[in-house]
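The next block holds one structure in the form of structure tokens; read it before the comments.
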Amino acid sequence: RMIGPIVATHLAVYDVGLPFMITALISVVAALGMLVPDAAEAKPQSSSAPAKTSFGKEWSDEKGTAKDVEELGRFVADLLSKRHYKWVTNRKCIEKLLETVLPELDIEDKDQYEASMAAN
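In terms of this note's numbering, the sequence shown is residues 41 to 160.
Dropping the structure here:
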């Protein structure tokens, strides 16, 4: 608490605006440090490369790797547990709930697909 005013007083001897300029510079450096993405927190890419999406008869459902399926399953199980669902003992009810919450999407064309995504 005392170091800042003491240093600023000594800097003000050279130029009255110098403490303010240094404070602004330190603030900009701190802001830039917050904007730089942390590589450790970067989301890992799916092991399967995304394919170009075709609609209608050419539609093909996405198939993840075993690791993708396991990670999503773990996420859903953790989410159900954290939100106090008894998903082990009431598995059939949870499956019915998921079928209701995740209805089939219209894949005839891109506009209908996006509209059905937005509606759900």
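We put the CB at the ideal spot given by N, CA and C, even for glycine.
Fewer than three beta-carbon pairs drawn from the region 59-73 and the region 103-116 are found closer than 8 Å, and the two stretches are therefore not classed as touching. Annotation: V68 to V53 spans about 24 Å, alpha carbon to alpha carbon. Inside the region 98-157, DSSP marks whole alpha helix (DSSP H) runs of 4 or more residues at positions 106-122 and 131-141, from first to last along the chain. Straight-line spacing of the CA atoms in N130 and Y153 works out to 32 Å. Per the C-alpha coordinates, the member of E110, A159 and E148 positioned closest to E98 is E148.
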